[in-house]
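*Asks:* Residue numbers (UniProt numbering): 1 to 375. Mind looking over this structure? Questions follow.
What follows is the structure in structure tokens.
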């Protein structure tokens with residue numbers, strides 16, 4: 001394992017310059033989700049990052065995004081992007097089926113990596129990624145931007161202050177709408193290229209928010225089904241969890257809802273927390289933090305008395321990424337976090353297939369956990 005201080009000072013094999021005094025230079029591959037990273041992440045943090053190159057096979061989209069953001073470096077070759085010596089970071093925003101190959105190549109090239117979810121499609125593959133990261137001077141941050149926002153940050157601060165008490169129960173609802181137009185994109189809705197359905201591509205974000213607040217999962221019983229769209233992967237799910245702290249949590253998701261909302265409600269000994277219901281930014285607006293007694297309410301007010309606003313999604317995650325890279329400190333989201341998310345996904349799929357309770361954590365060496373698709 002390369003030390004944090006060495007990693008903080010590395011760029012393309014050169015050690016010793018002070019990255020904290022300069023912007024990190026970024027190349028983005030995939031201008032669909034990549035444009036979102038530009039709008040929400042890199043533009044608001046223009047003092048920390050400079051996006052100098054874009055890569056996309058769609059030349060019209062490549063030109064449009066390059067022109068919109070004034071980015072001169074453009075290529076249709078991922079290998080050419082990796083070969084650019086000035087780049088510190090490769091931001092991978094391609095379809096999920098490409099993430100493993102591209103993440104490994106970027107780490108081998110000595111670049112830091114930001115990679116969209118899902119990072120990979122199996123526990124065996126994520127263990128390969130983690131081993132490659134351990135050998136590389138580069139560091140890899142998976143994207144779990146829903147963790148960041150003013151509302152979820154306040155909830156996290158109250159829990160971390162020890163005010164919540166014993167965790168009792170929780171619910172996570174991901175009621176979104178996706179139809180034929182969404183699945184007209186050739187790589188969507190297929191096991192080989194999307195790696196999963198609503199569980200892997202959509203509800204993975206709210207589920208990660210729940211474990212971010214409630215801690216790791218202990219046992220899982222789940223069901224998945226394809227009820228809304230004519231696709232290979234699932235678009236509905238229901239699961240019952242027992243957390244390591246003993247709390248009971250239920251998960252429900254569908255892509256067939258008439259309206260769209262994301263709702264997380266967590267009941268603790270001393271208070272109950274409910275998220276905002278915005279489907280794609282449930283962490284942004286203030287959450288309900290309901291104390292059981294006036295005394296708990298007073299203590300919550302004290303924790304939040306000098307609160308500083310936390311921007312949402314990519315804005316904060318990428319700011320924290322820059323801080324970690326330049327200081328050698330811990331990444332805000334790690335490959336370990338991505339593995340925890342994929343363990344939950346895999347357990348629900350396996351439980352649905354077998355009708356059994358699944359105990360976490362999962363061993364990637366077990367044949368069932370080298371990848372999942374219906375028999």
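Ideal Cβ placement from N, Cα and C applies to all residues, glycine included.
Put residue 217 into one of helix, strand or coil per three-state DSSP.
*Replies:* Residue 217 sits at position 217 when you count from the first residue of the chain shown. Strand, per DSSP.
*Asks:* Determine which residues share a DSSP beta bridge with residue 317 and list them.
*Replies:* The count along the chain shown starts at 1 and reaches residue 317 at position 317. Residue 317 pairs with nothing; no bridge assigned.
*Asks:* Does the segment 159 to 178 come into contact with the segment 263 to 271, if we say contact requires no fewer than three beta-carbon pairs (one atom in each stretch) closer than 8 Å?
*Replies:* Because the criterion of three Cβ pairs below 8 Å is met, the segment 159 to 178 and the segment 263 to 271 touch.
*Asks:* Indicate the three-state DSSP secondary structure (helix, strand or coil) for residue 50 in the structure shown.
*Replies:* Walking along the chain shown from the start, residue 50 turns up at place 50. Strand at residue 50.
*Asks:* Can you tell which of 342, 243, 290 and 234 has its C-alpha closest to the C-alpha of residue 352?
*Replies:* To locate residue 352, count along the chain shown from 1; it is residue 352. Selected option, being the one with the closest Cα: 234.
*Asks:* Taking the alpha carbon of residue 162 as the point to measure from, which residue in 118, 303, 194 and 206 has its own alpha carbon closest?
*Replies:* Indexing the chain shown from 1 puts residue 162 at position 162. Comparing Cα-Cα distances from residue 162 to each of 118, 303, 194 and 206, the minimum goes to 303.
*Asks:* Taking the C-alpha atoms as reference points, what is the distance between residue 289 and residue 245?
*Replies:* As a first step, residue 289 must be located in the chain shown, where it is residue number 289. As a first step, residue 245 must be located in the chain shown, where it is residue number 245. Spanning the two alpha carbons is a distance of roughly 20 Å.
*Asks:* Can you tell me where the beta strand (DSSP E) with residue 37 in it begins and where it stops?
*Replies:* For the purposes of this step, residue 37 is identified with residue 37 of the chain shown, where counting begins at 1. Unbroken run through residue 37 is the alpha helix (DSSP H), 33 to 37; no beta strand (DSSP E).
*Asks:* If you draw a straight line from the C-alpha of residue 122 to the C-alpha of residue 85, how long is it?
*Replies:* Residue numbering aside, residue 122 sits at position 122 when the chain shown is read from its first letter. Residue numbering aside, residue 85 sits at position 85 when the chain shown is read from its first letter. Whole-angstrom Cα-Cα distance: 32 Å.
*Asks:* Considering residue 99, what are the terminal residues of the alpha helix (DSSP H) in which it resides?
*Replies:* The residue you call residue 99 lines up with position 99 of the chain shown. Element bounds for residue 99: 99 to 108.
*Asks:* Do the segment 173 to 192 and the segment 128 to 146 make contact, defined as three or more Cβ pairs closer than 8 Å?
*Replies:* Short answer: they don't touch.
*Asks:* Work out the CA separation of residue 136 and residue 110 for me, nearest whole Å.
*Replies:* Translated into positions along the chain shown, residue 110 becomes position 110. Translated into positions along the chain shown, residue 136 becomes position 136. Rounded to whole angstroms, residue 110 to residue 136 spans 6 Å at the Cα level.
*Asks:* Is there contact here, the segment 306 to 323 with the segment 338 to 351, by at least three beta-carbon pairs under 8 Å?
*Replies:* Cβ pair count under 8 Å is below three, so no.
*Asks:* Which residue or residues does DSSP assign as beta-bridge partners of residue 223?
*Replies:* For the purposes of this step, residue 223 is taken as the residue at position 223 of the chain shown. DSSP output for residue 223 lists 238 as bridge partner(s).
*Asks:* Under 8 Å by Cβ, that's how I've got residue 48 and residue 87 pegged, so tell me the actual separation to the nearest angstrom.
*Replies:* Residue 48 sits at position 48 when you count from the first residue of the chain shown. Residue 87 sits at position 87 when you count from the first residue of the chain shown. That belief does not hold up - the Cβ atoms of residue 48 and residue 87 are roughly 15 Å apart, past 8 Å.
*Asks:* Pick helix, strand or coil for residue 256, following the three-state DSSP scheme.
*Replies:* The residue you call residue 256 lines up with position 256 of the chain shown. Three-state result, residue 256: strand.
*Asks:* By Cβ distance below 8 Å, which residues in the same chain neighbour residue 287 in space, the five residues on each side in sequence not counted?
*Replies:* The residue labelled residue 287 in the question sits at position 287 within the chain shown. Within the same chain, residue 287 has close Cβ partners 151, 152, 154, 155, 273, 274, 275 and 276.
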